[in-house]
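Undergrad: Just dropping this structure here.
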Amino acid sequence: MEQWAGLTPKQAIELQREAAGQVITVDDLPDIRLVAGVDVGFEGRETARAAVVVLRLDDLEPVDYAIARSPTPMPYIPGLLSFRECPVILKALSRLIIKPDLLLCDGQGIAHPRRLGVASHTGLLTGLPTIGVGKSRLIGSHGPVPENRGEWTPLVDQGEEIGAVLRTRAGVKPLFISPGHRISLASAVHYVMRCTTRYRLPETTRWADGVASARSHRWLDQLKKLPRASGPEGCVSAD
DNA sequence: GCGACAG
DNA sequence: ATCTTGTCGC
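All the letters of the first sequence, read from the start, carry residue numbers 1 to 239 under the UniProt record's numbering.
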C-alpha cells in the first residue's frame with residue numbers, strides 16, 4: 001500500500017478495476033455495537049491527518065479515538081481519492097484500542113465510476129463493514145429528494161442502483177449514502193440514520209471532524225475521560 | 001472538443 | 001480539502 005506512492009493515475013485505475021470485484025454489497029455484518037467515523041484533513045499539502053472516533057451505537061457516546069499523520073501520497077484526483085486517504089486512515093485505525101464493528105467514511109462507497117470509492121476501498125483493506133457518507137455527488141443521477149427526515153431517493157448510474165440520496169434533516173442538503181463493503185444499501189441507510197440525531201451529518205463523522213480540528217472544546221473535554229493514556233496529542237505516537 | 005468532478 | 005468575517009434566518 002505504501003507502494004502507492006508514485007502510482008500513475010492509469011495504474012491506480014487498473015488497481016481499482018481489479019479490486020472492485022471483491023467488494024461485497026449484501027449484509028455480512030456482525031452484531032453492531034460499536035460504530036466509528038473517520039475524517040481526513042491536510043496540513044499543507046505535505047501531510048495528511050486522519051482522526052477516527054469509536055462510538056457506542058446505543059447512546060452514540062465515544063469510547064475510543066485515534067489520530068495519525070503520514071506523507072500525502074498523491075494529489076486529489078476525482079475518482080482516485082482512496083489512494084490519497086487510505087494510507088493514513090489505516091494508520092489511525094491500527095492505533096485504536098477498541099475496534100469498531102462498522103465504519104462510516106466521508107465520501108462514496110460503490111457510488112463511484114468503477115464502484116470503488118474510498119469507503120469500499122477502506123473496507124477491502126481492513127475487512128471491516130463500511131458505509132460511504134458523501135456530502136456531495138460524484139456520479140449518478142436521481143429524482144427529487146423527499147422532504148422528510150429519513151426519506152430518500154435512489155442514486156442510479158447506468159441502470160444500477162448505487163446509492164441513496166438521503167434527507168438526514170429537513171431543509172438542508174441531503175447526503176449521498178452508498179454501501180462501502182459487507183453491507184447492503186438498505187442497511188447502510190438504516191445505520192446512517194441510527195447515527196444521526198439533530199444535525200445533517202451523523203455523529204460519527206461529527207466527532208471525527210471535531211477531533212481532527214482540535215479547535216472546539218466540547219470534543220476534547222469528553223475525550224480526556226476516555227481510557228486512553230493521555231490527551232488528544234498524546235494519542236499521536238511518534239509520527 | 002466540452003463539461004463534470006467525493007475530499 | 002483549505003483559505004476566512006460577518007451575517008441571514010429559525
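All residues carry an ideal CB built from backbone N, CA and C; glycine is no exception.
Starting from Ser-94 and walking both ways along the beta strand (DSSP E), at which residues does that stretch end?
TA: As a first step, residue 94 is located in the first sequence; it is residue number 94 there, counting from the start. Counting along the chain, Ser-94 falls outside any beta strand (DSSP E), though it belongs to the alpha helix (DSSP H) covering 81-94.
Undergrad: Distance check for Arg-84 and Gly-6, CA to CA, integer angstroms please.
TA: In the first sequence, residue 6 corresponds to position 6, counting from 1. In the first sequence, residue 84 corresponds to position 84, counting from 1. Using only the alpha carbons, I get a separation of about 11 Å.
Undergrad: How many Å lie between Ala-188 and Pro-71 at the Cα?
TA: Taking the first sequence and counting its residues from 1, one reaches residue 188 at position 188. Taking the first sequence and counting its residues from 1, one reaches residue 71 at position 71. Those two C-alpha atoms are separated by around 31 Å.
Undergrad: To the nearest whole angstrom, what separates the beta carbons of Asp-39 and Thr-205, a pair I think is in contact under 8 Å?
TA: Locating residue 39 in the first sequence gives position 39, counting from the first residue. Locating residue 205 in the first sequence gives position 205, counting from the first residue. Yes, they are in contact, since the Cβ atoms of Asp-39 and Thr-205 sit about 6 Å apart, within 8 Å.
Undergrad: Kindly give me the distance between the Cβ atoms of Arg-137 and Phe-176, rounded to whole angstroms, as I take these residues to be in contact under 8 Å.
TA: In the first sequence, residue 137 corresponds to position 137, counting from 1. In the first sequence, residue 176 corresponds to position 176, counting from 1. So it is a contact: roughly 6 Å between Cβ atoms.
Undergrad: Can you look up Glu-14 in the DSSP assignment and give me helix, strand or coil?
TA: Start at 1 with the first residue of the first sequence, and residue 14 comes out as number 14. Of the three classes helix, strand and coil, the one that applies to Glu-14 here is helix, per DSSP.
Undergrad: Are the Cβ atoms of Trp-4 and Pro-87 separated by less than 9 Å?
TA: As a first step, residue 4 must be located in the first sequence, where it is residue number 4. As a first step, residue 87 must be located in the first sequence, where it is residue number 87. Yes, these two residues count as a Cβ contact at 9 Å.
Undergrad: Does DSSP put Val-26 in a helix, in a strand, or in coil?
TA: Taking the first residue of the first sequence as 1, we reach residue 26 at position 26. Val-26 falls in the coil class under three-state DSSP.
Undergrad: Use the C-beta contact count for Thr-77: other C-beta atoms within 10 angstroms, 16 or more gives buried, fewer gives exposed.
TA: Looking up residue 77 in the first sequence gives position 77. It should be pointed out that residue 77 corresponds to Ile in this sequence rather than to Thr. When all chains shown are included, Ile-77 counts as exposed.
Undergrad: Which stretch, first to last residue, makes up the beta strand (DSSP E) that contains Trp-152?
TA: Working through the first sequence from its first residue, we reach residue 152 at position 152. First-last of the beta strand (DSSP E) with Trp-152: 152-157.
Undergrad: Can you give me the start and stop residues for the beta strand (DSSP E) that Leu-166 sits inside?
TA: Sequence index remark: in the first sequence, residue 166 carries index 166 (1-based). 160-166 is the span of the beta strand (DSSP E), which, as asked, contains Leu-166.
Undergrad: Indicate whether the contact test is met: 3 or more Cβ pairs, each with one atom in the segment 104-122 and one in the segment 177-185, closer than 8 Å.
TA: Because the criterion of three Cβ pairs below 8 Å is met, the segment 104-122 and the segment 177-185 touch.
Undergrad: Evaluate Thr-122 with the Cβ neighbour count: other Cβ atoms within 10 Å of its Cβ, from every protein chain shown; 16 or more gives buried, anything less gives exposed.
TA: Here residue 122 corresponds to residue number 122 of the first sequence, with the count starting at 1. Buried: at least 16 other Cβ atoms inside 10 Å.
Undergrad: To the nearest angstrom, report how far apart Asp-28 and Ile-183 are at their CA atoms.
TA: For this step, residue 28 is matched to residue 28 along the first sequence. For this step, residue 183 is matched to residue 183 along the first sequence. Those two C-alpha atoms are separated by around 6 Å.
Undergrad: Look at the Cβ atom of Leu-102, then the Cβ atom of Gln-22, and state whether they are nearer than 9 Å.
TA: As a working mapping, residue 102 is identified with position 102 in the first sequence. As a working mapping, residue 22 is identified with position 22 in the first sequence. No, Cβ-Cβ distance for Leu-102 and Gln-22 is not below 9 Å.
Undergrad: On the DSSP bridge assignment, give the partners of Cys-105 in chain order.
TA: Looking up residue 105 in the first sequence gives position 105. Answer is Val-38 and Gly-132, bridged to Cys-105.
Undergrad: Taking 9 Å as the cut-off, decide whether the C-beta atoms of Arg-149 and Ala-170 are in contact.
TA: For the purposes of this step, residue 149 is taken as residue 149 along the first sequence, with counting starting at 1. For the purposes of this step, residue 170 is taken as residue 170 along the first sequence, with counting starting at 1. Contact flag set, yes.
Undergrad: With a cut-off of 8 Å on the beta carbons, I'd call Val-54 and Val-63 a contact; round off their distance for me.
TA: Stepping through the first sequence from its first residue, residue 54 is reached at position 54. Stepping through the first sequence from its first residue, residue 63 is reached at position 63. Right, the Cβ-Cβ distance comes to about 5 Å (below 8 Å), so this counts as a contact.
Undergrad: Would you mind stating whether Gly-140 and Cys-105 have Cβ atoms separated by less than 9 Å?
TA: By one-based count along the first sequence, residue 140 stands at place 140. By one-based count along the first sequence, residue 105 stands at place 105. No, the Cβ-Cβ distance between Gly-140 and Cys-105 is not below 9 Å.
Undergrad: Should Leu-57 and Arg-194 be called a contact, given that it needs their Cβ atoms to be closer than 9 Å?
TA: In the first sequence, residue 57 corresponds to position 57, counting from 1. In the first sequence, residue 194 corresponds to position 194, counting from 1. Cβ distance < 9 Å, so Leu-57 and Arg-194 count as in contact.
Undergrad: Looking only at its chain, what residues have a beta carbon closer than 6 Å to the beta carbon of Gly-41, apart from the 5 residues adjacent to it on each side?
TA: Stepping through the first sequence from its first residue, residue 41 is reached at position 41. Contacts found: Arg-49 and Ala-212.
Undergrad: Would you kindly check if the distance between the Cβ of Trp-207 and the Cβ of Tyr-65 is under 9 Å?
TA: Taking the first residue of the first sequence as 1, we reach residue 65 at position 65. Taking the first residue of the first sequence as 1, we reach residue 207 at position 207. It is a contact, given that the beta carbons lie within the stated cut-off.
Undergrad: Between which two residues does the alpha helix (DSSP H) containing Gly-117 stretch?
TA: For the purposes of this step, residue 117 is taken as residue 117 along the first sequence, with counting starting at 1. Element bounds for Gly-117: n/a, residue is neither H nor E.
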